[in-house]
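Asker: Sharing a structure here in structure tokens format.
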Amino acid sequence: MNKKVTVKTIQKIKDSGEKFSVLTAYDFSTAKYIDEAGVDIILIGDSLAMVALGYDTTHFVGVEEMEIFTKAVARGTERAMVVTDMPFMSYNVSVEDALKNTSRMLKAGASAVKIEGANDHILKVITRCVQSGIPVMGHLGFTPQLLNTIGGYNIQGKSLDTTLEILECAKKLEDAGVFSIVLEMVPEESAQFICENLKVPVISCGAGKYCAGQVLVSDDVFGKYSEFKPKFARKYGDMKTLILNCAKQFNTDVKNGSFPSAEEAFHLKEEELEQLELYKGSVKC
Ligand code: KIV
């Protein structure tokens, strides 16, 4: 087995100028294959509210669900670092509440958590988490949990002023002790400037090629989620068609009697069959 990826591995990759990969996963077998493929970080993103649970936004998932999905992913993962997204309102109420909720994810098998934003409260939460042994990945640029405040899926950091604001927030996150920062939906040139001015690795989610890491939602990568495809996502497969074709063929085979075949059923041995036949002959059902 390759060595487990840790916060140190991620920093080393960044410092060497190499790149690392991050994909989301929400279940055991997907995590197992993503891990086997050599992806460095597996994120149980709150995107699961949309792609796995069918909600319109990420707001509808809670701590308990994130905990269940974290356990499944952790059981399927050997090498990759497992990071769990803290869901909407699970860290905003108080530092104590945030510590309770984040520690639940570590007990469920994650090695770190992801928290959106960098306001004063969030900086306190991150500081206390890190001091308590809970590594934190930050998240700036477009932050989906603030969707209703931002007023839509808008690109962030388009002007010099907003780019500088993001950089200032990123530096505060760095000071609070995050081990990496996701930068979502930021123009490549602004993201490059931000990356060049930080020590911690930045993970692009639609922030171009200059970041040390790249993250995508696995359902977009596999071509499974068909409700919406972000501009920055790349589809590497067509799982939707694969699932449709398999399900259609199964449906046909069941209805025309070609499933199951003799090999796909269990059978009695000769003497067991004889006994059954004898019994059938002796009783009237
Ligand atoms: O919820 C999620 O999957 C995310 C990533 C896309 C960064 O936050």
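Residue numbers for the sequence shown follow my numbering, beginning at 4 and rising by one. Even for Gly, the Cβ is constructed at its ideal location relative to N, Cα and C.
Which residue wins for smallest C-alpha separation from Ser32, given the options Ile158, Thr60, Glu81 and Phe23?
Answerer: When only C-alpha atoms are compared, the closest one is Glu81.
Asker: How would you call Pro138, buried or exposed, if buried means at least 16 neighbouring beta carbons within 10 angstroms?
Answerer: Pro138 comes out buried.
Asker: Starting from Gln148, follow the alpha helix (DSSP H) in both directions and report where the run begins and ends.
Answerer: Per DSSP, Gln148 belongs to no alpha helix (DSSP H) and is neither H nor E.
Asker: In the DSSP output, which residue or residues are listed as bridge partners for Phe23?
Answerer: DSSP lists Gly216 as partners of Phe23.
Asker: Could you tell me which residues DSSP pairs with Glu119 in its beta bridges?
Answerer: Looking at the DSSP assignment, Glu119 forms a beta bridge with His142.
Asker: Which class does Ile158 belong to by DSSP, given the choice of helix, strand or coil?
Answerer: Coil.
Asker: Verify the contact flag: Thr27, CB atom, against every heavy atom of the ligand KIV, threshold strictly below 6 angstroms.
Answerer: At least one heavy atom of the ligand KIV is nearer than 6 angstroms to the Cβ of Thr27, so yes.
Asker: Is it true that the CB of Gly240 sits closer than 7 angstroms to the CB of Val25?
Answerer: No, they are not a contact pair.
Asker: Using a Cβ-Cβ cut-off of 7 angstroms (strictly less than) and excluding sequence neighbours within five positions of Leu51, which residues of its own chain qualify?
Answerer: Excluding residues within five positions, the ones whose Cβ falls inside 7 angstroms are Tyr29, Val64 and Phe72.
Asker: Three-state secondary structure (DSSP) at Ser183?
Answerer: The answer is strand: DSSP assigns Ser183 an E or B state.
Asker: Taking all protein chains shown into account, decide if Thr255 is buried (16 or more other Cβ within 10 angstroms of its Cβ) or exposed.
Answerer: Looking at its Cβ environment, which holds fewer than 16 other Cβ atoms inside 10 Å, Thr255 is exposed.
Asker: What ranges does the beta strand (DSSP E) occupy inside the segment 70-135, keeping only unbroken runs of at least 3 residues that lie completely in it?
Answerer: Fully enclosed beta strand (DSSP E) runs of 3 or longer: 84-88 and 115-119.
Asker: Under 8 angstroms by Cβ, that's how I've got Thr105 and Tyr94 pegged, so tell me the actual separation to the nearest angstrom.
Answerer: The Cβ separation is near 7 angstroms, so the contact holds.
Asker: Which of helix, strand or coil does DSSP assign to Ser285?
Answerer: Helix.
Asker: Would you mind reading off the limits of the alpha helix (DSSP H) that contains Val64?
Answerer: No alpha helix (DSSP H) contains Val64, which DSSP labels as neither H nor E.
Asker: Beta-carbon within less than 8 angstroms of Ile45's beta-carbon, same chain only, minus the 5 sequence neighbours each way: which residues are those?
Answerer: Val25, Leu26, Thr27, Ala28, Ala34, Ile37, Asp38, Val76, Thr80, Ala83, Met84, Val85 and Val86.
Asker: Near Lys161, which residues of its chain fall below 8 angstroms by C-beta distance, leaving aside the five closest residues on each side in sequence?
Answerer: Correct list, in chain order: Pro190 and Ser193.
Asker: Out of Val218, Ser221, Val203 and Glu99, point me to the one whose CA is closest to Val128's CA.
Answerer: Ranking the options by Cα distance to Val128, first place goes to Glu99.
Asker: Short of 7 angstroms in beta carbon distance, which residues of its chain neighbour Gly226, apart from the five on each side in sequence? Order them along the chain.
Answerer: Closer than 7 angstroms at the Cβ level, and outside the excluded window around Gly226, lie Lys238, Gly240, Asp241, Met242 and Lys243.
Asker: Would you say the beta carbon of Val218 is closer than 6 angstroms to some non-hydrogen atom of the ligand KIV?
Answerer: Yes; taking the cut-off as 6 angstroms, the Cβ of Val218 has a heavy atom of the ligand KIV nearer than that.
Asker: Can you give me the C-alpha to C-alpha distance between Gly20 and Asn259, rounded to a whole angstrom?
Answerer: Those two C-alpha atoms are separated by around 58 angstroms.
Asker: What I want to know is whether the C-beta of Ser229 ends up closer than 6 angstroms to one or more non-hydrogen atoms of the ligand KIV.
Answerer: Not so, every heavy atom of the ligand KIV lies at least 6 angstroms from the Cβ.
Asker: Check for me: the beta strand (DSSP E) holding Ser207 runs from which residue to which?
Answerer: Start and end: Val205 to Cys208.
Asker: Flag this pair as yes or no: are the beta carbons of Ile13 and Pro204 separated by less than 7 angstroms?
Answerer: Yes.
Asker: Have a look at His62 and Ala173 and give me their C-alpha separation to the nearest angstrom.
Answerer: Roughly 24 angstroms between the two C-alpha positions.
Asker: Could you tell me which residues DSSP pairs with Leu46 in its beta bridges?
Answerer: Leu46 pairs with Thr27 and Val86.
Asker: Quick one, are the C-beta atoms of Lys146 and Gly120 less than 7 angstroms apart?
Answerer: As written in the sequence, residue 146 is Thr, which differs from the Lys given in the question. Yes; because the gap between Cβ atoms is below 7 angstroms, this pair is in contact.
Asker: What does the alpha-carbon distance come out to for the pair Lys17 and Phe196?
Answerer: Each residue's Cα considered, the two are about 16 angstroms apart.
Asker: Could you compute how far the alpha carbon of Cys132 sits from the alpha carbon of Cys249?
Answerer: Computed Cα separation, rounded: 45 angstroms.
Asker: If you follow the alpha helix (DSSP H) that Leu51 is in, where does it begin and where does it stop?
Answerer: Its alpha helix (DSSP H) spans residues Leu51 to Val54.
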